[in-house]
Amino acid sequence: MRPVSFTLNGKPTRLTVDEKRMLLWVLRDDLGLTGTKFGCGAGLCGSCTVLVNNQAIRSCVTAVGDVEGKQVLTIEGLARDGRLHPLQEAFVKHAAFQCGYCTPGMIMGAYAFLLKNPKATRAAVIKEMDSHLCRCGSHVRIVAAIEAAAPAMKGGAR
Amino acid sequence: MILDDDNLGDECNELVVDGPTTFPVDRREFVKLTASGLLLLFTVKPAEALQEGARPQGGARQGYPTDFNAYLHIGADGHVTCLVGKVELGQGPMTSLGQLLAEELDVPMASVDVVLGDTDLCPWDGGTYGSLSVRVFGPVLRQAGAEARAILLQMASERLQVPVDRLAVKAGVVSDTADARKTVTYGQLTEGKRIERHLDTKPALKPVKAFTIVGTAVRRRDAIDKVTGKAKYAGDIVPPGGALHARILRPPALGATMTQVDTSAAEKLPGVKVVRDADLVAVLHEHRDEADAALALVKAQWTRNDPAVDDKTIFDYLVKTSDAGRTVAQGGNLAEGEKLASEVIEHTYEDSYVAHAPMEPHAAVAAVENGKVTVWAGTQTPFPLKNQIMQALRLPAEKVRVITPYVGGGFGGKSASRQGVEASRLAMLTGKPVRVQWSREEEFLYDTFRPAAVMKIRAGLDASKAIAFWDYKVYCAGERGAAHFYNIPHHRTVTAGGSWSGGGGSQHPLGVGPWRAPGASTNAFGRETHIDILAAKAATDPVAFRLRNLTDPRMIRVLNAAAKKFGWTPKASPSGRGVGVACGIDAGTYDCVMVEVAVNKATGKVQVKRVVCAQEMGVVVNPEGAMQQIEGCLTMGLGYALSEEVHFKGGEVLDRNFDSYQLPLFSWVPRIEAVILDAPDIPAQGGGEPPIVPLGAAIGNAIFDATGARLYRMAMTPERVKAALARG
Numbered sequence: 001m002r003p004v005s006f007t008l009n010g011k012p013t014r015l016t017v018d019e020k021r022m023l024l025w026v027l028r029d030d031l032g033l034t035g036t037k038f039g040c041g042a043g044l045c046g047s048c049t050v051l052v053n054n055q056a057i058r059s060c061v062t063a064v065g066d067v068e069g070k071q072v073l074t075i076e077g078l079a080r081d082g083r084l085h086p087l088q089e090a091f092v093k094h095a096a097f098q099c100g101y102c103t104p105g106m107i108m109g110a111y112a113f114l115l116k117n118p119k120a121t122r123a124a125v126i127k128e129m130d131s132h133l134c135r136c137g138s139h140v141r142i143v144a145a146i147e148a149a150a151p152a153m154k155g156g157a158r
Numbered sequence: 001m002i003l004d005d006d007n008l009g010d011e012c013n014e015l016v017v018d019g020p021t022t023f024p025v026d027r028r029e030f031v032k033l034t035a036s037g038l039l040l041l042f043t044v045k046p047a048e049a050l051q052e053g054a055r056p057q058g059g060a061r062q063g064y065p066t067d068f069n070a071y072l073h074i075g076a077d078g079h080v081t082c083l084v085g086k087v088e089l090g091q092g093p094m095t096s097l098g099q100l101l102a103e104e105l106d107v108p109m110a111s112v113d114v115v116l117g118d119t120d121l122c123p124w125d126g127g128t129y130g131s132l133s134v135r136v137f138g139p140v141l142r143q144a145g146a147e148a149r150a151i152l153l154q155m156a157s158e159r160l161q162v163p164v165d166r167l168a169v170k171a172g173v174v175s176d177t178a179d180a181r182k183t184v185t186y187g188q189l190t191e192g193k194r195i196e197r198h199l200d201t202k203p204a205l206k207p208v209k210a211f212t213i214v215g216t217a218v219r220r221r222d223a224i225d226k227v228t229g230k231a232k233y234a235g236d237i238v239p240p241g242g243a244l245h246a247r248i249l250r251p252p253a254l255g256a257t258m259t260q261v262d263t264s265a266a267e268k269l270p271g272v273k274v275v276r277d278a279d280l281v282a283v284l285h286e287h288r289d290e291a292d293a294a295l296a297l298v299k300a301q302w303t304r305n306d307p308a309v310d311d312k313t314i315f316d317y318l319v320k321t322s323d324a325g326r327t328v329a330q331g332g333n334l335a336e337g338e339k340l341a342s343e344v345i346e347h348t349y350e351d352s353y354v355a356h357a358p359m360e361p362h363a364a365v366a367a368v369e370n371g372k373v374t375v376w377a378g379t380q381t382p383f384p385l386k387n388q389i390m391q392a393l394r395l396p397a398e399k400v401r402v403i404t405p406y407v408g409g410g411f412g413g414k415s416a417s418r419q420g421v422e423a424s425r426l427a428m429l430t431g432k433p434v435r436v437q438w439s440r441e442e443e444f445l446y447d448t449f450r451p452a453a454v455m456k457i458r459a460g461l462d463a464s465k466a467i468a469f470w471d472y473k474v475y476c477a478g479e480r481g482a483a484h485f486y487n488i489p490h491h492r493t494v495t496a497g498g499s500w501s502g503g504g505g506s507q508h509p510l511g512v513g514p515w516r517a518p519g520a521s522t523n524a525f526g527r528e529t530h531i532d533i534l535a536a537k538a539a540t541d542p543v544a545f546r547l548r549n550l551t552d553p554r555m556i557r558v559l560n561a562a563a564k565k566f567g568w569t570p571k572a573s574p575s576g577r578g579v580g581v582a583c584g585i586d587a588g589t590y591d592c593v594m595v596e597v598a599v600n601k602a603t604g605k606v607q608v609k610r611v612v613c614a615q616e617m618g619v620v621v622n623p624e625g626a627m628q629q630i631e632g633c634l635t636m637g638l639g640y641a642l643s644e645e646v647h648f649k650g651g652e653v654l655d656r657n658f659d660s661y662q663l664p665l666f667s668w669v670p671r672i673e674a675v676i677l678d679a680p681d682i683p684a685q686g687g688g689e690p691p692i693v694p695l696g697a698a699i700g701n702a703i704f705d706a707t708g709a710r711l712y713r714m715a716m717t718p719e720r721v722k723a724a725l726a727r728g
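Residue numbers (this note's numbering), protein chains in the order written: chain P, 1 to 158; chain S, 1 to 728.
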């Protein structure tokens with residue numbers, strides 16, 4: 001057990017935890033942020049995707065000690081000042097989900113990707129999203145939503 | 001955000017429906033489904049009122065209650081709460097059922113909240129499966145709405161001193177058509193109270209041509225919750241005081257029995273609680289990953305009871321262990337038919353075990369208070385689960401409540417909900433709230449797979465290239481979709497062995513159960529592949545061949561609609577183009593799917609480039625929702641067609657996570673185009689399952705059209721495609 005400090009959705013956060021514990025369960029069990037989902041426990045499905053220093057990572061296989069001093073962004077931190085992020089708006093508009101369980105991970109993965117690749121082609125979006133699984137078959141709509149949101153994200157986060 | 005109506009999904013989709021397609025803007029986020037929020041909506045003793053209404057008629061045998069109050073409540077502010085025992089798995093009943101009630105009551109969609117799957121608040125329901133929500137439950141809900149509306153008109157007539165036939169309703173406001181100043185709202189009439197009157201004669205339902213809400217593309221009610229992470233699934237529920245995570249010791253293989261267990265090392269970990277109760281061994285901790293660590297320290301010995309069968313020998317095994325079978329459809333005389341046939345074509349088709357693999361593994365949270373257990377469960381069957389918990393814990397009905405938050409996908413797999421019983425049992429044993437959230441490995445171990453199955457088909461063509469006879473026998477996929485729908489004078493359909501639910505349960509080495517359109521995709525693979533083979537033998541275009549052997553006008557219509565949308569040009573297979581067709585009927589809905597594939601002959605990899613689906617499903621309640629279901633089915637179906645197959649040895653499931661069990665990926669998804677045919681004279685039929693049914697067969701037929709190689713087994717993996725190419 002040791003103190004671990006990081007910034008979570010813009011707020012300084014300090015916890016005394018076993019630093020080997022997985023970020024996913026610290027977020028869910030210790031911090032009550034249940035928007036980040038458990039899907040496979042092995043980094044294979046993408047449901048638990050969050051951003052650490054603007055990189056998409058799988059929180060089910062990332063130790064909380066590894067985010068010491070870093071910026072962590074979860075789905076709960078994406079909408080700000082009561083306004084949905086353009087990606088969230090696009091997911092609503094395109095109905096880019098059914099059961100919604102993979103959706104937070106999809107949005108966070110797409111967000112990290114568009115931050116770096118604001119002019120990504122459709123093919124690049126598809127290639128990137130291959131690391132995320134959706135069982136309901138919302139793929140076509142997810143790609144359309146990401147493409148639609150990309151212009152709004154050009155050159156920055158908002 | 002701004003909601004507009006300029007985007008109805010993929011621009012290549014086409015909606016052929018009555019009425020406007022606009023998105024009414026919800027005036028607020030949809031109310032939370034979980035226990036706490038709902039009661040605040042009511043003004044007078046709602047729990048008792050609902051309980052009474054919710055009690056099924058006719059003693060122990062459960063059915064839908066006849067009192068319309070069980071399904072709806074109108075608040076003093078006119079707000080309508082729609083209560084249904086269905087659950088939201090993603091297929092959209094939260095939206096479509098709300099549309100049906102709003103339509104019958106004549107209230108705006110935005111003033112209806114839908115509460116689902118709470119056994120204390122909602123009327124009994126058998127479960128959310130079988131594409132039944134709109135098709136079978138829909139008319140029940142509409143009837144409740146129609147009766148409530150008729151009674152509200154009576155009440156308004158008395159209040160306004162105006163005869164009923166002079167009254168009109170718009171947006172929950174009753175007005176006198178002769179004097180616009182005379183109005184009264186539903187809310188003023190009910191004052192939030194239960195409506196005590198009933199009608200002896202049930203009023204007629206609203207005719208389809210008068211619909212203003214049903215048939216319009218309504219935006220999903222769950223959208224904001226789901227894109228913000230606010231949507232609560234069972235594993236997200238935190239009861240007051242928190243819940244302990246429980247990890248349960250599982251056998252290495254199905255059927256194994258525990259001979260010895262040592263939990264001493266786990267017990268030494270700080271904060272760990274160990275529970276042993278007969279066959280149940282569980283470790284509990286406040287944190288999930290610490291419970292995982294404790295479980296890893298439990299040492300157990302097992303006696304294996306594996307049946308001598310694996311994923312290679314399963315098909316012979318199923319045929320050998322099946323009974324003689326039952327004839328489920330027949331006509332004419334097979335011997336006569338065979339005499340007419342110039343050639344007899346006989347093949348055996350096989351289908352593998354397929355997992356449900358919802359992204360949310362089974363989860364439940366149970367809390368006990370004053371002897372009453374409340375269970376939040378990710379389940380398709382809250383009422384049957386309640387019964388299971390009552391039996392397991394020997395509790396009376398009033399001591400068990402199942403609440404169903406959002407469910408992260410079901411596809412049939414959450415009709416079985418043993419995690420709900422496990423959580424309840426552990427909460428009772430420990431006296432603390434307990435969360436049971438299966439690992440992905442547990443999910444694969446205890447999944448009720450789509451059963452492996454075998455089809456043996458004999459058929460023949462007469463001199464005119466018409467199908468002379470059809471002798472179909474299916475082992476272990478069951479009846480659904482087994483009978484053909486072609487015009488064949490001499491035919492017989494026999495189902496042998498267990499059904500898609502496993503029947504007696506002893507035949508399969510693994511758990512089996514309903515998987516989206518249970519049995520129907522398997523049966524369609526056999527039937528539609530064999531039809532394709534007959535068409536090729538007749539040197540006839542597969543669409544023309546089907547049309548020649550069809551008389552059912554609904555099927556002819558969808559086949560023609562698909563051909564038009566696809567731009568199908570007649571040519572006998574194999575044409576080298578890589579196009580394929582297959583048809584199916586499921587849940588009362590007709591589908592025709594056409595695909596175009598590219599086959600890499602070196603690797604055996606199949607890329608589906610384009611899928612067209614024509615569907616006739618009667619009245620379309622929510623065209624946008626129906627379109628999502630078509631897309632979802634056609635995407636999910638790529639998996640059973642091309643890659644998904646559960647490998648096993650005896651009782652040991654070898655695929656336990658997504659490293660070896662391959663779901664469809666973004667890069668596999670073709671261009672999807674759909675056309676939903678207008679059929680206002682046919683009641684609403686199923687939407688959540690039917691389009692998945694013909695996809696596997698259509699892909700197999702397209703592979704043949706591309707290469708001349710025929711696949712007789714799903715999944716049509718690259719290895720099997722290469723083997724088929726080598727056979728020539």
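Heads up, the beta-carbon is just placed ideally off N, CA and C, and yes, glycines get one too. What you are looking at is a predicted structure, and each value in this text was computed from that prediction instead of being measured.
Rounded to the nearest whole angstrom, the CA to CA distance from residue 285(S) to residue 117(S) is 29 Å. According to the DSSP assignment, residue 244(S) belongs to the beta strand (DSSP E) that extends over 244-248. For residue 639(S), the enclosing alpha helix (DSSP H) begins and ends at 623-642. No Cβ of chain P is located within less than 8 Å of the beta carbon of residue 129(S).
Rounded to the nearest whole angstrom, the C-alpha separation of residue 573(S) and residue 548(S) is 16 Å.
In the three-state DSSP reduction, residue 189(S) falls in the helix class (H, G or I).
Annotation note: the region 240-328 of chain S contains the following uninterrupted beta strand (DSSP E) runs of length 3 or greater, listed N- to C-terminal: 244-248, 257-262, 273-277, 280-285 and 299-303.
Its chain contains 4 as the residues whose beta carbon lies nearer than 6 Å to that of residue 15(P), once the 5 sequence neighbours on both sides are disregarded; these appear in chain order. By the beta-carbon neighbour count (other beta carbons within 10 angstroms, threshold 16), residue 226(S) is buried. The C-beta of residue 126(P) comes closer than 8 Å to at least one C-beta of chain S.
In this structure, residue 481(S) sits away from residue 499(S), with a CB-CB distance that is not shorter than 8 Å.
Counting other Cβ atoms within 10 Å of its Cβ, residue 132(P) reaches 16 or more and is therefore classed as buried.
Sixteen is the threshold: since fewer than 16 other Cβ atoms of the shown chains lie within 10 Å of the Cβ of residue 331(S), the residue is exposed. Judged by their CB atoms, residue 140(P) and residue 672(S) are nearer to each other than the 8 Å cut-off. Residue 667(S) belongs to the set of residues whose beta carbon lies under 8 Å from a beta carbon in chain P. Interface annotation, residue 631(S): in contact with chain P, CB-CB separation under 8 Å. Interface flag for residue 377(S) against chain P is unset, since no Cβ pair is found closer than 8 Å. The Cβ atoms of residue 597(S) and residue 608(S) sit closer than 8 Å to each other. With a cutoff of 8 Å on beta-carbon distance, residue 248(S) and residue 347(S) are scored as not near each other.
In the structure shown, the three-state DSSP call for residue 45(P) is coil. With a threshold of 8 Å between beta carbons, residue 55(P) makes no contact with chain S.
Here residue 69(S) is buried, its C-beta having at least 16 other C-beta atoms within 10 Å. Residue burial annotation: residue 199(S) is exposed, with fewer than 16 other C-beta atoms found within 10 angstroms of its C-beta. For residue 88(P), the nearest CB of chain S lies under 8 Å from its own CB, placing it at the interface with that chain. Ranking 636(S), 530(S), 519(S) and 569(S) by CA distance to the CA of residue 586(S) puts 519(S) first. Taking C-beta separations shorter than 7 Å and ignoring five residues to either side along the sequence, the partners of residue 647(S) in its chain run 311, 654 and 655, following chain order. The Cβ atoms of residue 377(S) and residue 404(S) lie closer than 8 Å to each other. Checking the DSSP bridge columns, you'll see residue 118(S) partnered with 403(S). For residue 544(S), same chain residues with a beta-carbon under 6 Å away, outside a window of 5 residues either side, are 570 in chain order. Residue environment: residue 628(S) is assigned as buried (16 or more neighbouring CB atoms within 10 Å of its CB, all protein chains considered). For residue 12(P), the uninterrupted beta strand (DSSP E) segment begins and ends at 11-17. Chain-order list of chain P residues neighbouring residue 439(S): 41, by C-beta distance under 8 Å. Residue burial annotation: residue 370(S) is exposed, with fewer than 16 other C-beta atoms found within 10 angstroms of its C-beta. In the same chain as residue 45(P), and ignoring 5 residues on each side of it, the C-beta atoms closer than 6 Å to its own belong to 39 and 133, in chain order.
Burial of residue 58(P) is indicated by the presence of at least 16 other C-beta atoms within 10 angstroms of its C-beta. For the pair residue 495(S) and residue 626(S), the Cα-to-Cα distance works out to about 31 Å.
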